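Enquirer:
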Amino acid sequence: MKVAIVMGSDSDLEIMKETVDILTRFGIGVYVSVTSAHRTPDKVKNFLNNAEKQNCEVIIAAAGMAAHLAGVIAAHTIKPVIAVPMQGGALNGIDALFSMVQMPGGVPVATVTIGKAGATNAAILAIEILSIKYPVLKEKLKKYKKELSNSVIKKDNELQIKGIKKYLENNKK
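Quick note: the working numbering has the sequence shown finishing at residue 841, numbered continuously throughout.
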C-alpha cells in the first residue's frame, strides 16, 4: 500500500507532514515530492511516472493560489486524486480551493478543506479509498474514529466538571 504526495512548494511541507504522519501510522508507505504545475510542468510527468513505478494507488496534491497541480495530475492518471488547498496569498487559500473544485466533467479531483484540517482529511480519505482493497485498514479506521469520539467526550466531561473559566485556563494553547 502506497500513497503519492506532491506539493507545489516546499513551503507546504510543514502542513503536509500531517498527511505523511497519519498514513505512516496506518502502515501505508508514502512517496513525497515537490513539483509545480506552472514552474516545472515536465517534472509533474516525472512525478507521475515515479508514482506509477512505486505502485502508488492514490495521489494527494497540495498547492496554493492558482492551484492547478491536482487538476493537471488528474488529467494524466486514472488513479484517485485528492487535492489539499493551501493557505496563502491575497485570498488565504480560497483561490486554491476554487481552482481545485472547479474541474471539468470527466476529470475528477476530490478536494478537502483548506490547510492542516485538509491535510488530515486527505490522509483519512486516502485510507478510506485503500480500505476497499485492504480490509485491514477498516479496523484501523474504526479505531481512529473511536479515538476522535473519545477525545471529544473527555473534553466535554472536563468542561462540565471545571466550568468554562477553569477549563480555558487549563487548556490554553
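In this text, a Cβ means the ideal position worked out from N, Cα and C, and glycines have one as well.
Treat the numbers as computed from the prediction; the structure is a model and nothing was measured.
If you run the structure through DSSP and keep just helix, strand and coil, what is I795?
Expert: helix
Enquirer: Starting from I728, follow its DSSP beta bridges and name the residues at the other end.
Expert: I673, I750
Enquirer: Once the 5 residues before and after I792 are set aside, which same chain residues still bring their CB inside 8 angstroms of it?
Expert: I690, L809, Y812
Enquirer: Give me the Cβ distance between V688 and V700, rounded to the nearest whole Å; I'm assuming they're in contact under 8 angstroms.
Expert: 6 angstroms
Enquirer: Counting Cβ pairs, one atom from each stretch, are 3 or more of them under 8 angstroms apart for the region 712-726 and the region 823-840?
Expert: no
Enquirer: For the region 691-742, which segments carrying the alpha helix (DSSP H) assignment without a break, of at least 4 residues, lie completely within its bounds, in sequence order?
Expert: With a minimum length of 4 residues, the continuous alpha helix (DSSP H) runs that stay inside the region 691-742 are 709-721.
Enquirer: What's the C-alpha gap between A787 and K834?
Expert: 32 angstroms
Enquirer: Taking C-beta to C-beta, are M733 and I683 nearer than 9 angstroms?
Expert: Cβ distance not < 9 angstroms, so M733 and I683 don't count as in contact.
Enquirer: Compute the Euclidean distance between the alpha carbons of V777 and K784, then round it to the nearest angstrom.
Expert: 18 angstroms
Enquirer: Let me know the secondary structure DSSP gives T779 once reduced to three states.
Expert: strand
Enquirer: Spatial neighbours of T745 within its chain, please: CB distance less than 7 angstroms, with the 5 preceding and 5 following residues excluded, ordered by chain position.
Expert: L716, I727
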